[in-house]
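Heads up: the structure comes next, in structure tokens.
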Ligand code: PEP
Ligand code: MN
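In our numbering, the protein residues as written are 2 to 342.
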């Protein structure tokens, strides 16, 4: 940590800052210039990062040397992480050169429907099956998900098709139950900073799919990943799914630069969800290819076999045939940039 003192800070103020640093068990190194005094702090940076240093009289600024998202940072873990989802034959790796193809309907609606969709996307190359059993809906009158019945269906269909499964948790009270049925737990955009939920999900030690909040910075996303990791789960896959923009031609605004930016800052895999980012089937293939081309570790796409009948997010769903076409293209692009499946 580097502490910069205000121009004209008095000797008493400087002494006081030094005392505070020493009281935390850290070593201050004073450097007095003509105009400014700077204090370098040596020791466990964690001890000082949460202290309100700029509230001490005479302090102008405090600059951390280590990022606050230490466990999620590249510094702490220079090699990219590989997240393993599922077990046995139905294991999928994401990150470190392994490309994840997560696909499925927005919500689990019935066993027959999920089974049909799963068969088609698996044949097209999907390697993780998604489906919501608890849906975060803007309206309380919209379909809220099948709950435990949906979890059972997801598990059965995933096992039948040899695919690991991921579903979203929206309530800490459901986390234990969800962990029993699934291989990976999704934390949605609306809950990226629900710290109670992050803590509860982290404690399950299950792999986590953490989506970026619609108004969250990349640092916010990494701080949320830090919450999950600090509570026990080491396997976190991040997901860029579009942020709020000013243009309403798309559901959200896909921040494609977030992919290489996250890769500079963190060892965690990052995938892209062009479905929620654009909300429009005609834009999803191009954005999925852009994600693969820019080095994303996977894509997350919603697929439904009868979008006009879907109980959630029908207007943005790709048909299985459309998914098949784009999946083949994604594979080529991802392989061209060194990914394996
Ligand atoms: C979803 O995956 O269906 C979902 C609700 O996503 P998001 O949290 O990104 O809106
Ligand atoms: Mn959805």
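The beta carbon of each residue, even a glycine, is placed where N, CA and C say it ideally should be.
For a cut-off of 8 Å, the C-beta gap from residue 185 to residue 122 is around 16 Å, too long to register as a contact. Distance between residue 189 and residue 39, taken at the CA atoms: about 42 Å. Put simply, the residues with a CB less than 5 Å from any heavy atom of the ligand PEP are 107, 189, 190, 212, 242, 277, in chain order.
With fewer than 16 other CB atoms across the displayed protein chains lying within 10 angstroms of its CB, residue 80 is exposed.
The shortest C-alpha to C-alpha distance from residue 33 to any of 4, 48, 21 is the one to 4.
The alpha-carbon of residue 270 is positioned some 11 Å away from that of residue 241.
Counting along the chain, residue 13 sits inside the alpha helix (DSSP H) bounded by residues 12 to 24.
Taking all protein chains in view, the Cβ of residue 102 is crowded by 16 or more other Cβ atoms within 10 Å, so the residue is classified as buried.
Distances between the C-beta of residue 317 and the heavy atoms of the ligand MN include at least one below 8 Å.
Scanning its chain for C-beta atoms nearer than 6 Å, with the 5 sequence neighbours on each side dropped, one finds around residue 197 the residues 173, in chain order. The ligand MN never approaches residue 159 closely enough for any of its heavy atoms to be under 8 Å from the residue's Cβ.
In this structure, residue 146 has its CB at a distance of at least 8 Å from all heavy atoms of the ligand MN. Cα atoms of residue 104 and residue 84: separation of roughly 17 Å, rounded to the nearest angstrom.
Per DSSP, the beta bridge partners of residue 240 are 212, 272. Where residue 221 is concerned, the enclosing alpha helix (DSSP H) starts and stops at 219 to 231. Residue 257 sits in coil when the DSSP states are folded into three classes, being neither helix nor strand. DSSP places residue 123 inside the alpha helix (DSSP H), whose first and last residues are 112 to 125.
Counted as a single uninterrupted DSSP element, the alpha helix (DSSP H) harbouring residue 160 occupies residues 149 to 162. About 7 Å separates the Cβ atoms of residue 266 and residue 74, confirming a contact at the 8 Å cut-off. Looking at the DSSP output, residue 169 shares a beta bridge with 187. For the 9 Å CB-CB criterion, residue 155 and residue 127 do not form a contact.
Non-local C-beta neighbours of residue 108 in its own chain, meaning closer than 7 Å and more than five positions away in sequence, comprise 132, 133, 136, 144, 146, 312, 313, ordered along the chain.
If you check the CB distance, residue 323 and residue 286 come in under 9 Å. In the DSSP assignment, residue 38 falls within the unbroken beta strand (DSSP E) covering 38 to 43.
CA-to-CA, the gap between residue 148 and residue 125 works out to about 28 Å. The residue among 60, 106, 236 with its C-alpha nearest the C-alpha of residue 82 is 236.
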